[in-house]
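Following the working numbering, the numbering of the sequence shown begins with 1417 at its first residue and continues without gaps.
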Amino acid sequence: MRVFAFIVVLLMLPLASAISDLSIYSEAEFSSQDEAPILVEWFHGAGDESQVEELRELDRGGEITLLHWRTGADGEGGNLPSDDADARHMYHSFLTTPAVAVDGYPENTSDIQPEIRQNEVSIDWTIQLIGSSEVELLNITATWTNPKELNGATQMHIFIIETNAIDDMGREVPNLVRDWSPSSSLNFAANGTNHWNETITRDHLVGAGIELDDASFADKYEVMLILIGGFDDEKTNRVLSIQREQMPTYWQSVDKGAILTPAILLLVLIVLIGFIVMAERKREIGLPRLEGSWSKEENVIEYRIITGYQVEIGDLTMGDGWRANGRIKKQTIAAYTTHTGTLRVTGSGSLSLKLAVKVEELGDWILDLNLPNPRSND
1417 MRVFAFIVVL LMLPLASAIS DLSIYSEAEF SSQDEAPILV EWFHGAGDES
1467 QVEELRELDR GGEITLLHWR TGADGEGGNL PSDDADARHM YHSFLTTPAV
1517 AVDGYPENTS DIQPEIRQNE VSIDWTIQLI GSSEVELLNI TATWTNPKEL
1567 NGATQMHIFI IETNAIDDMG REVPNLVRDW SPSSSLNFAA NGTNHWNETI
1617 TRDHLVGAGI ELDDASFADK YEVMLILIGG FDDEKTNRVL SIQREQMPTY
1667 WQSVDKGAIL TPAILLLVLI VLIGFIVMAE RKREIGLPRL EGSWSKEENV
1717 IEYRIITGYQ VEIGDLTMGD GWRANGRIKK QTIAAYTTHT GTLRVTGSGS
1767 LSLKLAVKVE ELGDWILDLN LPNPRSND
């Protein structure tokens, strides 16, 4: 077991070396916005171009906070993201498009009223773009203190939007939601301080169509942190805070050569090693053993099946030159028990047998028993 863990550590050394080469391409710290325009989620539908343009102008004027979900994108072509849009559309129980939700609640598309609201929770936050030859990680941290106890439905939602997206067919799509991720890992207590963090990998970003490269033009994307929920003494949920900023670019980096050593990346390495060691330990504890010896009675084997996890006995196979005059009964043997029995065999030479078993949580395995020629003991 220790040898296996040591090998794992050696295998992880190149990853640790790569982590040490990462640097912060760009970083920006933001103080909480005291107020924000209402959240308007627009779900795309046929013939909505004029409505979207009006919403774009309201967003540019600071009268609304616009999220443009490109519902049905798979069907209309253009290579825009659709899965999150369709999932959010379903969450609101919409049956048609276009559709709109304001501050988390469905509304008529003709009833959007611009409004500025106070943020009820003050959130200070930071964006970091991290990499070596190109951006490998997007790291977002946020800190706030709950003014009152939050209810259990409260979540922090991260939205990454492309301010002026253009699809493969040349269509302009303002405030396109490229990625959405809700998080419930919060401290809900009254006056409790949240030190919240989300790290998104390059593979995930590329899968969402977010190409950051060396962060030179990262400001074409915006990040929104939207706290949605309520306080414990209330029955309804709403938008508690909206924080919105452009991603910082390479040119805004305060220290391009700074070496990254955050605890979160080291923790990832430790957790990965831990999972591998735990899996190996699970096999070590759970796998059964097949032991046996020749009986005093000629051509009879006394065998023992010592279980870790519960075992289902399967087929028995004898090696060349031997056959069994019977079999080991197919049955289920409880965990952490020793099952004994005898097996009469005929043949000559060294004996080998294989017993197929199915182990709970570990799947199918083959147990081997090898015994010397019984006549060598004469």
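Glycine included, each C-beta is placed from N, C-alpha and C at the ideal position.
Expected contact under 8 Å - CB spacing of residue i and residue j to nearest Å
i	j	result
Val1518	Ile1532	Not really, about 13 Å apart at Cβ, beyond 8 Å.
Asn1567	Phe1647	6 Å
Asn1715	Thr1762	6 Å
Ile1577	Glu1638	5 Å
Ile1717	Trp1710	6 Å
Thr1487	Ala1501	5 Å
Leu1767	Trp1738	5 Å
Neighbour-count burial assignment, residue i, 16 or more Cβ in a 10 Å radius
i	result
Asn1562	buried
His1611	exposed
Trp1596	buried
Gly1491	exposed
Gly1645	buried
Pro1790	buried
Ile1435	Since pLDDT at Ile1435 reaches only 48, below the 50 mark, its modelled position is unreliable, and no value is offered.
Leu1511	exposed
Ala1452	buried
Tyr1666	buried
Phe1691	exposed
Glu1465	exposed
Gly1547	buried
Asp1475	buried
Tyr1719	buried
Gly1608	exposed
Ala1558	buried
Ile1782	exposed
Gly1724	buried
Nonlocal neighbours in the same chain, by C-beta distance under 6 Å from residue i, ignoring five residues either side
i	result
Leu1785	Leu1706, Gly1708 and Leu1769
Met1734	Ala1740 and Leu1769
Ile1616	Leu1554
Gln1662	Asp1635 and Glu1638
Met1694	none
Thr1756	Arg1720
Asp1630	Glu1550 and Tyr1666
Between the CA atoms of residue j and residue i - distance to the nearest angstrom
i	j	result
Pro1704	Ile1722	5 Å
Trp1560	Gln1449	12 Å
Gly1493	Leu1483	20 Å
Gly1730	Lys1774	7 Å
Leu1471	Glu1776	57 Å
Leu1778	Ile1744	21 Å
Glu1479	Glu1473	9 Å
Ser1549	Gln1571	34 Å
Leu1553	Ser1442	11 Å
Val1468	Pro1590	8 Å
Ala1634	Trp1458	24 Å
Glu1713	Leu1787	15 Å
Met1640	Thr1579	12 Å
Arg1587	His1460	13 Å
Leu1621	Val1456	24 Å
Gly1742	Ala1503	58 Å
Lys1651	Trp1541	28 Å
Ala1444	Leu1683	23 Å
Asp1736	Gly1765	9 Å
Asp1795	Leu1628	Residue 1795 is absent from the model: the chain starts at 1417 and stops at 1794.
Val1551	Ile1543	13 Å
Val1687	Arg1699	18 Å
Close beta carbons around residue i, own chain, < 7 Å, minus the five adjacent residues each side
i	result
Asn1495	Asp1583 and Asp1584
Pro1497	Arg1486, Ala1489, Arg1594, Ala1624 and Gly1625
Ala1606	Asn1562, Lys1564 and Glu1565
Ser1538	Ser1448 and Trp1560
Leu1431	At Leu1431, the pLDDT of 48 sits below 50, so the modelled position is not reliable; the number obtained from the coordinates is stated separately. Taken in chain order, the residues that qualify are Leu1685.
Leu1732	Ala1740, Arg1743, Ile1744, Leu1769 and Leu1771
Neighbourhood of residue i by C-beta, 8 Å cutoff - its chain only, sequence neighbours within 5 removed
i	result
Ser1599	Gln1571, Met1572, His1573, Ile1574, Trp1612 and Glu1614
Leu1602	Leu1566, Thr1570, Gln1571, Met1572, Asn1610 and Trp1612
Asn1524	Val1516
Thr1748	Gln1726, Val1727, Glu1728 and Ile1729
Lys1672	Unreliable positioning characterises Lys1672 in this predicted model, as indicated by a pLDDT of 44, which lies under 50. The coordinate reading is nonetheless provided below. Result list for Lys1672: Ser1439, Ile1440, Tyr1441 and Tyr1666, in chain order.
Glu1536	Pro1563, Leu1656 and Ser1657
Phe1446	Asp1540, Trp1541, Thr1542, Ile1543, Gln1659 and Glu1661
Original post:
Hey, which unbroken runs of the beta strand (DSSP E) at 3 residues or more fall wholly within the stretch 1741 to 1765?
Top reply: Whole beta strand (DSSP E) segments, 3+ residues: 1754 to 1763.
**OP:** Could I get the ranges of all uninterrupted beta strand (DSSP E) runs contained in the stretch 1426 to 1502, with 3 residues as the minimum, in chain order?
**Re:** 1439 to 1446, 1451 to 1459 and 1480 to 1485, all fully within the stretch 1426 to 1502.
Original post:
Where in the stretch 1556 to 1621 do unbroken runs of the beta strand (DSSP E), each at least 3 residues long, occur, reported from the N-terminal end onward?
Top reply: 1571 to 1582, 1588 to 1599 and 1609 to 1617
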